[in-house]
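To keep things clear, I will list the structure first and then write my remarks on it.
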Amino acid sequence: MPSFEIKVEAFDDVLNSDLKESKVLIGAIDQGTSSTRFLVFSKGGKIVASAQMEHTQIFMPGHAGWHEHDPLEIWNNTKACIAAVFKILQKKGFNVNSTGDGGAKAISLAAIGITNQRETTIAWNKATGKPYYNAIVWDDTRTTSIAFHLAAGNINKLRSRTGLPLASYFAGTKVKWLLDNIEELQKDLANPVTRDQVAFGTVDSWLVFQLTGAQASSPGVANVGGIFVTDVTNASRWLFMDLKSQKWDKDLVDMVCASHDLPVETALPMICPSSHVYGMCNGQCGVDELYQVPIAAILGDQQAALFGQTAFLPGEAKNTYGTGLFLMMNTGTEAVDSSHGLLTTIAYQIGTTGSVNYALEGSVSHSGSTIQWLRDQLGIIANASESETLAETTPDNEGLYMVPAFSGLFAPYWRSDARACIVGMTASHHKGHLCRAAIEATAYQTKDIFDAITADSCVSLRTLKVDGGGTHNDLLMQFQADIIGVPVIKPVVMETTSIGAAFAAGLAVGVWEGLDELRKLWSASKFCEPKMDPFTREKYCTEWQKAVTKSLGWIDVGDEDQEDETFLDARSGEETPLRPHNSFQTVVLLGAAVMAGFVLGRRTSRLN
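Under our numbering, the first residue of the sequence shown carries the number 1, and numbering increases by one thereafter.
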């Protein structure tokens, strides 16, 4: 297992200004696909200090599309990041604790919030603390056939109750795979003595269980006896929760987990509001610094980003450019049904008496990871910023398009039979064009979702707030504004996921009084106005759609002997013909691109 360093940072200007006015901090655990972070914010909404640590990406040889994380590594990295932040604040002379007692430089950590990679699923034994298996990551595709057979010709059969299509993306299909394949888990469920100790949860549930539990007697094993909870945003990503009642639905569980009798009352976490005091951190959990600090918020990462962008009104939206791409629009207290391939999901709930706010979301599996592919697999760039530099060597793509469907296409297509392709290549194209095509693919995928949201909601978005690592790419941000035709706005505080969790936690314990106060803490740092004329925009988008068509129909997602040459289109729910013969040329071109990476010189340093 590789060893990762902790990156720690403290901001002296905030320490010397904001903390003079208010001796209160709010913490956020931000557990993502590639790393774990712990940040503390001032009451003024500024970052005081942060620590970040990557974790191992486990890909299984011989199992294409499998992607796992080690739950114990995630927990250990969480502890390490928290300790690092407290240590650097202590070096600056500040004494941070749950009460604020301890002298002139004592500061109260009022609460922490948790935001997490959604859908990533962990099964563990509550009595021993031992995970039954690695965490199955949200973009893992091993359950594609499970989703295909559940759909039985209708990918949208559960959409009216869950807001979701049947796809490998969601936690429920991962639970089914674990039930089918993990022998120790099967034995514990079959034994009346151990049956109630089996737990399934997303990463938020795992972390709360650790923080509120106590260390087990066996060294190296996770904690036991913790609180077993989740929030409405994470629960809405399982295929198990009724979207209207916000409760686990036994019929849905039985349908997805066919042939398994899963005890819903004990095996699934209690569903709670997003902004809500879940419990106190246990002094025996292994993180002494958080003793008696309230855990006061849980939000899935994209909902946290929406909250951090203060998109509290219906019709307000944000787009996050990370490993994947996630465009989400607040629809208020109305759950808007999608007929254009989007997800109807929960945005947030504030307190047990607060209304549930819903959202429409378009999720894309590959955005930043496409740039990582250029670096790690083709070797034509050394770091992420170099992709922009190379892309700027050509004024446009000159007809070259990349569809990064490495694990199928998510919204708005939901085509697990799709695979990545590069089309339109000629002998005059070079690595600059390839980088530009990869960058532009993110903007085109955003455009697809942008148009779907407009069609579903009948709301024309006039601006788009953006966040995530991809926003550092100025070429992408300008092209994004050009291709959607509205201004793109970057906030001052780019860590919107983390601050969203902190905002929700602070609301729960009274650090802030309401949403209006939070809105005043948000400000813009940069606007990108669209410059492209409508004719050029339409030309590019038409060519992009031709490229998407070329990516479809590459694999059979049913049985190996499946002869059905159709697949379900999530936007219509109808079967459409597969056309693998139309895509042959794209595979040839993709192979040529891979070979070009070696000819141009393979470099394998990590992304900055």
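For each residue, glycine too, the CB sits at the ideal point set by N, CA and C.
### Query
Between which two residues does the alpha helix (DSSP H) containing T233 stretch?
Within the sequence shown, numbered from 1, the residue matching residue 233 stands at position 233. It spans V232 to A235 - the alpha helix (DSSP H) in which T233 sits, taken as one unbroken run.
### Query
Just the Cα atoms here: how many angstroms apart are Q197 and S35?
As a working mapping, residue 197 is identified with position 197 in the sequence shown. As a working mapping, residue 35 is identified with position 35 in the sequence shown. Using only the alpha carbons, I get a separation of about 29 Å.
### Message
Quick check on this structure: which residue in E392, A391, T393 and I371 has the alpha carbon closest to the alpha carbon of N383?
### Response
Against the sequence shown, residue 383 aligns to sequence position 383. Cα-wise, what sits closest to N383 is I371.
### Task
Report buried or exposed for A418, applying the criterion of at least 16 other Cβ atoms within 10 angstroms of its Cβ.
Along the sequence shown, one-based indexing puts residue 418 at 418. Label assigned to A418: buried.
### Message
When you compare the CB positions of V208 and I295, do they come within less than 8 Å of one another, or not?
### Response
Within the sequence shown, the letter at position 208 stands for residue 208. Within the sequence shown, the letter at position 295 stands for residue 295. Yes.
#### Entry: N-terminal and C-terminal residue of the beta strand (DSSP E) that P487 is part of
Stepping through the sequence shown from its first residue, residue 487 is reached at position 487. Unbroken run through P487: none, as it is neither H nor E.
### Message
Starting from Y444, trace the alpha helix (DSSP H) in both directions and tell me its first and last residue.
### Response
In the sequence shown, the residue the question calls residue 444 occupies position 444. Note, Y444: alpha helix (DSSP H), K431 to S457.
### Message
With a threshold of 6 Å on Cβ separation, who are the neighbours of S523 within its own chain once the five nearest residues in sequence on each side are excluded?
### Response
Residue 523 sits at position 523 when you count from the first residue of the sequence shown. For S523, where only same-chain residues beyond five positions count, the Cβ hits under 6 Å are V492.
#### Entry: Among S50, G45 and K43, the one whose alpha carbon lies nearest that of R37
As a first step, residue 37 is located in the sequence shown; it is residue number 37 there, counting from the start. It is S50.
#### Entry: Touch test, the segment 160–178 against the segment 142–149, Cβ-Cβ under 8 Å, three pairs minimum
yes
### Task
Count the other CB atoms, across all protein chains shown, that sit within 10 Å of the CB of F59; report buried if there are 16 or more and exposed otherwise.
By one-based count along the sequence shown, residue 59 stands at place 59. When all chains shown are included, F59 counts as exposed.
### Task
Could you round the C-beta distance between H340 and A452 to whole angstroms and report it? I think they count as a contact, below 8 Å.
Taking the sequence shown and counting its residues from 1, one reaches residue 340 at position 340. Taking the sequence shown and counting its residues from 1, one reaches residue 452 at position 452. The Cβ separation is near 4 Å, so the contact holds.
### Task
Measure how close the beta-carbons of A147 and W238 come, nearest whole angstrom, since I'm counting them as under 8 Å.
If you number the sequence shown from 1, residue 147 lands on position 147. If you number the sequence shown from 1, residue 238 lands on position 238. The pair is not a contact, with the Cβ atoms about 13 Å apart (cut-off 8 Å).
### Message
Let's see if you can read the secondary structure: which residues bound the beta strand (DSSP E) around C528?
### Response
Looking up residue 528 in the sequence shown gives position 528. Per DSSP, C528 belongs to the beta strand (DSSP E) from A524 to C528.
#### Entry: alpha helix (DSSP H) segment containing I74, residue limits
To locate residue 74, count along the sequence shown from 1; it is residue 74. Run containing I74: P71 to K91, per the alpha helix (DSSP H) assignment.
### contact_flag[the segment 431–448, the segment 389–396] where n(CB pairs < 8 Å) is 3 or more
yes
### Message
DSSP has F41 in a bridge; who is on the other side?
### Response
Start at 1 with the first residue of the sequence shown, and residue 41 comes out as number 41. BP columns for F41 point to I26 and I47.
### Task
Pick helix, strand or coil for D569, following the three-state DSSP scheme.
Taking the first residue of the sequence shown as 1, we reach residue 569 at position 569. For D569, the predicted model reports a pLDDT of 40, less than 50, meaning its position is unreliable and no value from the coordinates is stated.
### Message
When you measure from the CB of N116 to every non-hydrogen atom of the ligand GDP, does any distance come out below 7 Å?
### Response
The ligand GDP is not among the ligands present in this structure, which contains no ligands whatsoever.
### When I122, L39 and T162 are compared against K250, the one with the closest alpha-carbon
Counted from its first residue, the sequence shown places residue 250 at position 250. Of I122, L39 and T162, the residue nearest in Cα terms is T162.
### Task
Would you identify the three-state DSSP class for R195, choosing helix, strand or coil?
To locate residue 195, count along the sequence shown from 1; it is residue 195. Helix.
### Query
The beta strand (DSSP E) spanning C281 covers which residue range?
By 1-based counting over the sequence shown, the position of residue 281 is 281. No beta strand (DSSP E) contains C281, which DSSP labels as neither H nor E.
### Close Cβ partners of L252 (< 8 Å) along its chain, the five nearest in sequence each way excluded
For the purposes of this step, residue 252 is identified with residue 252 of the sequence shown, where counting begins at 1. Counting only Cβ-Cβ distances below 8 Å, and skipping sequence neighbours, we find L158, R161, T162, G172, L239, F240, M241 and D242.
### Query
In the DSSP assignment, what are the bridge partners of P294?
Within the sequence shown, residue 294 is the residue found at index 294, counting from 1. Note: P294 sits in a beta bridge opposite M280.
### Task
Could you check if F450 is buried or exposed, using at least 16 other CB atoms within 10 Å of its CB as the buried criterion?
Counted from its first residue, the sequence shown places residue 450 at position 450. Result: buried.
### Task
With DSSP as the reference, please indicate the residues paired to F535 in a beta bridge.
Locating residue 535 in the sequence shown gives position 535, where the first residue counts as 1. None; F535 has no bridge partner.
### Query
Nearest-angstrom Cα distance between E5 and D188?
Mapped onto the sequence shown, residue 5 falls at position 5. Mapped onto the sequence shown, residue 188 falls at position 188. The straight-line gap from Cα to Cα measures roughly 37 Å.
### Query
So L189 is in the alpha helix (DSSP H); what residue range does that whole segment cover?
As a working mapping, residue 189 is identified with position 189 in the sequence shown. It spans E183 to A190 - the alpha helix (DSSP H) in which L189 sits, taken as one unbroken run.
### Query
How is I499 classed by DSSP in three states: helix, strand or coil?
By one-based count along the sequence shown, residue 499 stands at place 499. Here I499 sits in helix by DSSP.
### Query
What residue does the beta strand (DSSP E) around M494 start on, and which one ends it?
Here residue 494 corresponds to residue number 494 of the sequence shown, with the count starting at 1. Where M494 is concerned, there is no enclosing beta strand (DSSP E), given that its DSSP letter is neither H nor E.
### Query
Going straight from the alpha carbon of H48 to that of G32, what length do you get?
Numbered from 1 along the sequence shown, position 48 holds the residue referred to as residue 48. Numbered from 1 along the sequence shown, position 32 holds the residue referred to as residue 32. According to the sequence provided, residue 48 is Val. The question's His does not apply to it. Taking the straight line joining both Cα atoms gives about 20 Å.
#### Entry: Pick from H149, Q210, P263 and G45 that is closest to L72, judged by C-alpha positions
Against the sequence shown, residue 72 aligns to sequence position 72. Comparing Cα-Cα distances from L72 to each of H149, Q210, P263 and G45, the minimum goes to Q210.
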